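Working notes, beginning with the structure itself.
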Amino acid sequence: MSAIAFADPTFESQAAFRRIMRAMSAPGTMVDCGEALAPPPPLVRAAAAALLTLADFETALWIAPSFPVEVGEYLAFHSGAPPAAAPDRAAFALVDLAADSLDLARFAWGTAEYPDRSTTIVAQTSSLDAGRRLRLNGPGINGEAALAVSLLPGDFQVQWAANRAAFPRGVDLILVADARLVALPRSIAIIDGAE
Amino acid sequence: MSADDAAFRPQPETPEIAARRRAMALLARARREELAEPIAKRWPDHGARDLKPIESGLVMLRGRIGGDGAPFNLGEATVTRAVVELPTGERGFAHILGRDAPTARLAAIADALWRRDAGDVETVILAPIAERLAAEAAKTRAETAATRVDFFTLVRGEDAA
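For the record, the sequence lines run as chains U and S.
Just so we're aligned: 144 in the working numbering is position 127 of the first sequence, and the numbers increase by one with no gaps anywhere.
Just so we're aligned: 120 in the working numbering is position 85 of the second sequence, and the numbers increase by one with no gaps anywhere.
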């Protein structure tokens, strides 16, 4: 049996969009997302909500090979997004930090003329309460924001510094765990990523 | 960025695709009772459930003058879409003109049933619809034919002189 997505696509995706926008505009802010969804495992609810809301027939979606076929079918069927041939051709990417390595350089960073032609990576993790502590600052943060993310790769801070240095090029990252979501847009600096 | 990644290029026409296209085209033009009655009688426990909520929206109609002119946008039409799945796994899709959600759902169920029991659906549902459509088309042709005027020349002045 195939899984069902939003019961009311128009209003539920608008509600999810509003929350993702809040997460993006105030990085480090945790929002609830996709509570009512039941996507095929291991896809978590907030990742499903983000991709069902943002991806459509014009945005190529790259799904990490660790995900079973059902996840790809679910997202393709309900969002209409075509599969991307490679990570650096994707408008959106789905990665599971528990199974895949996160290498930001593999994805599309856009060009100086078109920095928007970059990949927004939806990375799902086990917890957004425990794990590596990140301190963030940058646009949208009054002073400093704190965040804890599980399963981040060891060199994440180095990768993120490179991503930040390439501004306005670079990738945006959406971190999700279960039905919670937090965004790290490329404009954000991580000032301290110690364990 | 998805131009060469696009998975939505039209598929080459195969006999299966042509048959499904014909079935879906007939179902799209079915009246509600033409679907509701045979489905209730022959497949009362089809158990289909909606995979996507039934939605109404607009599609752009494109036209060409004389069949070979440049395509232009004629206007938008209201279309209702339904997607259902049977307990046995067949998916049915329907797009019908207008905003009649129950009919769209019935057409999608009939499409899903067609993928499972093509022969039965063909005789119980599709054949009567095809018959009605053919009769309507014949009637329109007959009415149009009755108003036809054939011009011919009896005598042309310059030849007579």
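Just so you know, even glycine gets a beta-carbon here, dropped at the ideal spot from N, CA and C.
The structure presented is a predicted model; accordingly, all values stated were derived computationally and were not measured.
Residue i in three-state terms, based on DSSP
i, result
"GLY102 (chain S)", "helix"
"ALA103 (chain U)", "coil"
"GLY82 (chain S)", "coil"
"PRO88 (chain S)", "strand"
"GLY110 (chain S)", "strand"
"ASP155 (chain S)", "helix"
"ARG77 (chain S)", "helix"
"LEU198 (chain U)", "strand"
"MET59 (chain S)", "helix"
"LEU121 (chain U)", "helix"
"LEU96 (chain S)", "strand"
"ALA65 (chain S)", "coil"
"ARG140 (chain S)", "helix"
"ALA38 (chain S)", "Note that ALA38 (chain S) scores 44 on pLDDT, short of 50, meaning its location in the model is unreliable and no value can be drawn from it."
"THR188 (chain S)", "coil"
"ALA72 (chain U)", "coil"
"LEU70 (chain S)", "helix"
"GLU125 (chain S)", "coil"
"ALA53 (chain S)", "helix"
"ALA53 (chain U)", "coil"
"ALA108 (chain U)", "coil"
Best match in the options for proximity to residue i [C-alpha to C-alpha]
i, options, result
"ALA98 (chain U)", "U:ASP189, U:LEU119, U:LEU68, U:LEU153", "U:LEU68"
"ALA182 (chain U)", "U:VAL88, U:GLY157, U:ARG203", "U:ARG203"
"GLY155 (chain U)", "U:VAL61, U:ALA43, U:SER19, U:LEU121", "U:ALA43"
"ALA24 (chain U)", "U:THR46, U:GLU52, U:VAL48, U:MET38", "U:GLU52"
"ILE117 (chain S)", "S:ARG84, S:GLU193, S:VAL94", "The residue asked about is misnamed: residue 117 (chain S) is Ala in this sequence, not Ile. Closest option to ALA117 (chain S), Cα to Cα, is S:ARG84."
"ARG67 (chain S)", "S:LYS174, S:VAL190, S:ALA173, S:ILE164", "S:ILE164"
"GLY127 (chain S)", "S:THR138, S:ALA136, S:ALA145, S:ALA112", "S:ALA145"
"ALA63 (chain U)", "U:ALA72, U:CYS50, U:PHE74, U:ASP73", "U:CYS50"
"TRP21 (chain U)", "S:HIS130, S:LEU86, S:ASP155, S:LEU168", "Before going on, a small fix: residue 21 (chain U) reads as Ile here, not Trp. The candidate whose alpha carbon is nearest that of ILE21 (chain U) is S:LEU86."
"LEU153 (chain U)", "U:ALA163, U:GLU87, U:LEU145", "U:ALA163"
"GLY110 (chain S)", "S:ASP103, S:LEU93, S:PRO122", "S:LEU93"
"VAL159 (chain S)", "S:THR188, S:VAL190, S:ALA53, S:LEU62", "S:LEU62"
"ILE138 (chain U)", "U:ALA129, U:ASN180, U:TYR91, U:GLU130", "U:ASN180"
"GLY157 (chain U)", "U:PRO58, U:LEU201, U:GLY171, U:VAL48", "U:LEU201"
"GLU90 (chain U)", "U:SER19, U:VAL112, U:PRO170", "U:SER19"
"PHE74 (chain U)", "U:TRP177, U:LEU92, U:MET38", "U:LEU92"
"GLU90 (chain S)", "S:LYS174, S:ARG183, S:ALA129", "S:ALA129"
"ILE74 (chain S)", "S:GLY133, S:PRO137, S:THR113", "S:PRO137"
"ALA32 (chain U)", "U:VAL88, U:THR46, U:ALA125, U:ALA66", "U:ALA66"
"SER135 (chain U)", "U:ALA147, U:ARG106, U:GLY148, U:GLY160", "U:ARG106"
"PHE184 (chain U)", "U:GLN176, U:ALA129, U:PHE124", "U:ALA129"
Those residues which DSSP pairs with residue i across a bridge
i, result
"ASN154 (chain U)", "U:ALA206"
"HIS130 (chain S)", "S:ARG116"
"ILE61 (chain U)", "With the sequence shown as reference, residue 61 (chain U) is identified as Val, and Ile is not the correct amino acid for it. VAL61 (chain U) pairs with nothing; no bridge assigned."
"SER135 (chain U)", "U:TRP126"
"GLN141 (chain U)", "U:ASP113, U:VAL193"
"TRP149 (chain S)", "According to DSSP, which records beta bridges pairwise, TRP149 (chain S) is partnered with nothing at all."
"LEU164 (chain U)", "U:LEU151"
"ALA20 (chain U)", "Partner(s): none; ALA20 (chain U) has no beta bridge."
"VAL216 (chain U)", "Chain U is shown from 18 up to 212; residue 216 (chain U) falls before or after that span and cannot be answered."
Residue span of the alpha helix (DSSP H) that contains residue i, given as start and end
i, result
"PHE94 (chain U)", "86-96"
"ALA178 (chain U)", "173-182"
"PHE34 (chain U)", "26-42"
"ILE164 (chain S)", "162-181"
Anticipated Cβ contact below 8 angstroms, residue i with residue j, distance rounded
i, j, result
"PRO56 (chain U)", "LEU78 (chain U)", "At roughly 14 angstroms, the Cβ-Cβ gap does not stay under 8 angstroms, so PRO56 (chain U) and LEU78 (chain U) are not in contact."
"LEU151 (chain U)", "ILE207 (chain U)", "5 angstroms"
"THR76 (chain U)", "PHE34 (chain U)", "Contact flag wrong, Cβ pair sits at about 14 angstroms."
"ALA147 (chain S)", "GLU171 (chain S)", "Not really, about 26 angstroms apart at Cβ, beyond 8 angstroms."
"PHE173 (chain U)", "LEU119 (chain U)", "7 angstroms"
"LEU168 (chain S)", "ARG64 (chain S)", "6 angstroms"
"LEU114 (chain U)", "ALA140 (chain U)", "5 angstroms"
"ASP195 (chain U)", "VAL61 (chain U)", "5 angstroms"
"PRO132 (chain U)", "ARG186 (chain U)", "5 angstroms"
"LEU168 (chain U)", "THR142 (chain U)", "5 angstroms"
"LEU155 (chain S)", "ARG57 (chain S)", "This sequence places Asp at residue 155 (chain S); Leu is not what is there. About 16 angstroms separates the two Cβ atoms, so there is no contact after all."
"ILE37 (chain U)", "LEU198 (chain U)", "7 angstroms"
Host beta strand (DSSP E) of residue i (start-end)
i, result
"VAL193 (chain U)", "189-194"
"GLN46 (chain S)", "Taken as a continuous stretch (DSSP letters only), GLN46 (chain S) belongs to no beta strand (DSSP E), as it is neither H nor E."
"ILE80 (chain U)", "78-80"
Residue i CB to nearest heavy atom of the ligand FAD below 7 angstroms
i, result
"ALA147 (chain S)", "You won't find the ligand FAD in this model; it holds no ligand whatsoever."
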